[in-house]
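Undergrad:
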Amino acid sequence: MSIQDVAGSEALTYFAFTAPGNPRQADRPARSAQPLPDVLSGRYRIERLLGVGGMGAVYRGCDLLRKQLGDPHPYVALKTLSESFLDYADAHALLHSEFALTSRLHHSHVIRLFGFEIDPVSERPFIIMELLTGCTLDDLLLRYPQGLPWLKARDLSLALLLALRYIHSQGVIHGDIKPSNLMLGNQGIRLFDFGLGHAKENSLAGLPQLSRERFAAWTPRYAAPEVFNGSPLSTATDLYSAACVIYELCHGQPPYPQVDTKQVEAISAQPTRPSDMPQRVWKVLKQGLALDPGKRLQTVDALLSAVEAQSRLAALTSWLNRSGRN
Ligand SMILES: Nc1ncnc2c1ncn2[C@@H]1O[C@H](COP(=O)(O)OP(=O)(O)O)[C@@H](O)[C@H]1O
Ligand SMILES: [Mg+2]
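Sequential numbering of the sequence shown, starting at 1, is according to UniProt numbering.
Here you go:
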């Protein structure tokens, strides 16, 4: 396996292609020759870079057609593949698979996609999607190095777990849950970047099938340990990553900060309860953080119930306080 380290940090995604020798198919020309044009497909003007991930870059764009027709908010986000990915035979299919998968999902905490195109001049594939405003949770964590107050962390956790329960109910595994793939802004909280996602067989009919044997990727800080050993992604691997995110939101640090979970044997210290996290939530979160997949919760349900119960309790308490004052 040739490992392409496109990230270089344990919070970024690592991609591994099983490609002996040249990753490019012998009968296909290189596609990276053309620079990114200013206007994609004659319609989407690139305005500025919004963010870069392991696989590509996302730009703020203006839909010139909508603008011409008088739409007061013709702005979109455009996701393209990074140059280094364009050479891989599966690259276009990879971005299209992200589009095909995500565009079948409809939930208030999941990103909305509008379209997929290939720019005819540069031959670059790109996704057109809703423009998210606000900040990613990793940026938010920079402002709260000791962790967010529980009530804020609780609301973010609830949104993440609701999104996860929904996508799992559709047979979809996200595969790369981490703070930089969640955005908090005017639109509320959205889970995005389904680039490593996949649908279980017999769910979401008509999706393109990518060979996962040729391609594997993970983010060391958030990936469940069994993923490093080649186990398939599952609801339990997504749950592990979500539990890591929730822990970090509350504590400011990941649950296993010293080493990445690839070195499970080296991990002796167990994470301790973030100080203001309710015991009932911690009891369940701990089971989501189990390094041994045999001892881990398999679905998000129990953790979602525990967090939801806290939310309802808080709403009830605040109602009681208000009615007591009246
Ligand atoms: N729809 C969007 N609106 C605004 N910013 C976005 C949007 N999608 C992604 N971004 C920004 O771009 C970064 C990389 O996008 P992402 O889809 O995660 O790419 P990758 O698959 O390369 O990780 C994100 O962390 C975020 O900062
Ligand atoms: Mg990402």
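Beta carbons are placed, not taken as given, at the ideal position from N, Cα and C, and that holds for glycine.
Do Asn-181 and ligand 2 come close, with the Cβ less than 8 Å from some heavy atom?
TA: As a working note, residue 181 is residue 181 in the sequence shown. Yes, ligand 2 has a heavy atom inside 8 Å of this Cβ.
Undergrad: Given this structure, state the Cα-to-Cα distance separating Asp-5 from Leu-65, to the nearest angstrom.
TA: Here residue 5 refers to the residue found at position 5 when the sequence shown is read from its first residue. Here residue 65 refers to the residue found at position 65 when the sequence shown is read from its first residue. Because Asp-5 carries a pLDDT of 39, less than 50, the predicted location of this residue cannot be relied on, and the following value inherits that uncertainty. Going from the Cα of Asp-5 to the Cα of Leu-65 covers about 39 Å.
Undergrad: Is there contact between the region 182 to 197 and the region 160 to 172, where contact requires at least three CB pairs shorter than 8 Å?
TA: Output reads yes: the region 160 to 172 touches the region 182 to 197.
Undergrad: Under 8 Å: do the region 49 to 60 and the region 140 to 148 share three or more Cβ pairs, one atom per stretch?
TA: Touching, no, given that fewer than three Cβ pairs across the two stretches are closer than 8 Å.
Undergrad: On the premise that Arg-45 lies in contact with Val-39, defined as a C-beta separation below 8 Å, what is that separation, rounded to the nearest angstrom?
TA: Position 39 of the sequence shown holds residue 39. Position 45 of the sequence shown holds residue 45. Indeed they touch by this definition, with Cβ atoms about 5 Å apart.
Undergrad: By Cβ distance below 6 Å, which residues in the same chain neighbour Ser-122 in space, the five residues on each side in sequence not counted?
TA: What you label residue 122 is simply residue 122 of the sequence shown in a count that begins at 1. Result list for Ser-122: Gln-34 and Pro-37, in chain order.
Undergrad: Quick one: is Pro-149 buried, meaning 16 or more other Cβ sit within 10 Å of its Cβ, or exposed?
TA: Residue 149 sits at position 149 when you count from the first residue of the sequence shown. Exposed is the call here.
Undergrad: If I'm right that Ser-241 touches Tyr-222 with Cβ under 8 Å, what's the distance once you round it to whole angstroms?
TA: The residue given as residue 241 occupies position 241 in the sequence shown. The residue given as residue 222 occupies position 222 in the sequence shown. Yes, Ser-241 and Tyr-222 are in contact; Cβ-Cβ is about 4 Å, under 8 Å.
Undergrad: Is Leu-105 helix, strand or coil by DSSP?
TA: Position 105 of the sequence shown, counting from 1, holds the residue named residue 105. Leu-105: coil per DSSP, three-state reduction.
Undergrad: Should Met-129 be listed as close to ligand 2, given that the test is whether its C-beta is under 8 Å from any heavy atom?
TA: For the purposes of this step, residue 129 is taken as the residue at position 129 of the sequence shown. Outside the cutoff, so no.
Undergrad: At a threshold of 8 Å, does Gly-147 count as lining ligand 2 (C-beta to nearest heavy atom)?
TA: Translated into positions along the sequence shown, residue 147 becomes position 147. Flag unset: Cβ of Gly-147 not near ligand 2.
Undergrad: At a threshold of 8 Å, does Leu-69 count as lining ligand 4 (C-beta to nearest heavy atom)?
TA: In the structure shown, ligand 4 is absent; the only ligands present are ligand 1 and ligand 2.
Undergrad: In the DSSP assignment, what residue or residues form a beta bridge with Asp-63?
TA: Working through the sequence shown from its first residue, we reach residue 63 at position 63. DSSP, once it has assigned bridges, lists Tyr-44 as partnering Asp-63.
Undergrad: The alpha helix (DSSP H) with Glu-117 in it runs from where to where?
TA: Within the sequence shown, the letter at position 117 stands for residue 117. That residue, Glu-117, is in no alpha helix (DSSP H); its beta strand (DSSP E) goes 113 to 118.
Undergrad: What is the rounded straight-line gap between the Cα of Ala-100 and the Cα of Phe-192?
TA: Within the sequence shown, numbered from 1, the residue matching residue 100 stands at position 100. Within the sequence shown, numbered from 1, the residue matching residue 192 stands at position 192. Using only the alpha carbons, I get a separation of about 13 Å.
Undergrad: I'd like to know if the region 120 to 138 and the region 178 to 185 are in contact, where contact means that at least 3 CB-CB pairs between them fall below 8 Å.
TA: Contact between the region 120 to 138 and the region 178 to 185 is present, because at least three Cβ pairs lie under 8 Å.
Undergrad: What is the DSSP secondary structure of Thr-80, reduced to helix, strand or coil?
TA: Sequence index remark: in the sequence shown, residue 80 carries index 80 (1-based). Three-state result, Thr-80: strand.
Undergrad: Using only the heavy atoms of ligand 1, determine whether one of them is closer than 8 Å to the beta carbon of Ser-108.
TA: For this step, residue 108 is matched to residue 108 along the sequence shown. Incorrect: Ser-108 has no Cβ contact closer than 8 Å to ligand 1.
Undergrad: Tell me whether the region 280 to 289 and the region 306 to 317 touch, counting them as touching only if at least three CB pairs, one residue from each stretch, are closer than 8 Å.
TA: Yes, they touch.
Undergrad: Grab the span of the beta strand (DSSP E) containing Arg-296 for me, first residue to last.
TA: Here residue 296 refers to the residue found at position 296 of the sequence shown. It is not in any beta strand (DSSP E) - Arg-296 carries neither H nor E in the DSSP assignment.
Undergrad: Which of helix, strand or coil does DSSP assign to Pro-274?
TA: Mapped onto the sequence shown, residue 274 falls at position 274. In this structure, Pro-274 counts as coil in the three-state DSSP scheme.
Undergrad: The beta strand (DSSP E) that contains Phe-194, what's its start and end?
TA: For this step, residue 194 is matched to residue 194 along the sequence shown. Per DSSP, Phe-194 belongs to no beta strand (DSSP E) and is neither H nor E.
Undergrad: Give me the Cα-Cα distance between Ala-314 and Lys-286, rounded to the nearest whole angstrom.
TA: Counting from 1 along the sequence shown, the entry for residue 314 is found at position 314. Counting from 1 along the sequence shown, the entry for residue 286 is found at position 286. Each residue's Cα considered, the two are about 22 Å apart.
Undergrad: Please name the residue or residues paired with Phe-126 in a DSSP beta bridge.
TA: Along the sequence shown, read from residue 1 onward, the residue named residue 126 stands at position 126. Paired residues: Thr-80 and Glu-117.
Undergrad: To which residues of the same chain is Val-264 closer than 7 Å at the C-beta, ignoring the five residues directly before and after it?
TA: Taking the first residue of the sequence shown as 1, we reach residue 264 at position 264. Once the five neighbours on either side are set aside, the close Cβ partners of Val-264 are Pro-225 and Leu-291.
Undergrad: Does DSSP classify Leu-148 as helix, strand or coil?
TA: By one-based count along the sequence shown, residue 148 stands at place 148. In this structure, Leu-148 counts as coil in the three-state DSSP scheme.
Undergrad: Could you tell me whether the Cβ atoms of Leu-151 and His-109 are closer together than 9 Å?
TA: In the sequence shown, the residue the question calls residue 151 occupies position 151. In the sequence shown, the residue the question calls residue 109 occupies position 109. Their beta carbons are not under 9 Å apart, which means Leu-151 does not touch His-109 by this criterion.
Undergrad: What first and last residue would you give for the alpha helix (DSSP H) that runs through Leu-142?
TA: By one-based count along the sequence shown, residue 142 stands at place 142. Element bounds for Leu-142: 137 to 143.
Undergrad: Give the straight-line distance between the Cα atoms of Leu-95 and Leu-105, rounded to the nearest whole angstrom.
TA: As a position in the sequence shown, residue 95 is number 95, starting the count at 1. As a position in the sequence shown, residue 105 is number 105, starting the count at 1. Cα-Cα distance, rounded: 16 Å.
Undergrad: Does the beta carbon of Asp-90 fall short of 8 Å from some heavy atom of ligand 1?
TA: For the purposes of this step, residue 90 is taken as residue 90 along the sequence shown, with counting starting at 1. Checking the Cβ of Asp-90 against ligand 1 gives no.
Undergrad: Enumerate in chain order the residues of its own chain whose CB-to-CB distance from Val-227 is below 6 Å, with the five nearest sequence positions on each side excluded.
TA: As a working mapping, residue 227 is identified with position 227 in the sequence shown. Same-chain partners within the cutoff: Trp-218 and Thr-237.
Undergrad: Please return the same chain residues whose Cβ sits closer than 6 Å to the Cβ of Ala-11, not counting the five positions on each side in sequence.
TA: Here residue 11 refers to the residue found at position 11 when the sequence shown is read from its first residue. Only Arg-221 meet the Cβ criterion.
Undergrad: Within 10 Å of its beta-carbon, does Lys-79 have 16 or more other beta-carbons around it, so buried, or fewer, so exposed?
TA: Translated into positions along the sequence shown, residue 79 becomes position 79. Lys-79 comes out buried.
Undergrad: Along the chain, where does the alpha helix (DSSP H) containing Leu-233 start, and where does it finish?
TA: On the sequence shown, residue 233 is found 233 positions in, with the first residue counted as 1. No alpha helix (DSSP H) contains Leu-233, which DSSP labels as neither H nor E.
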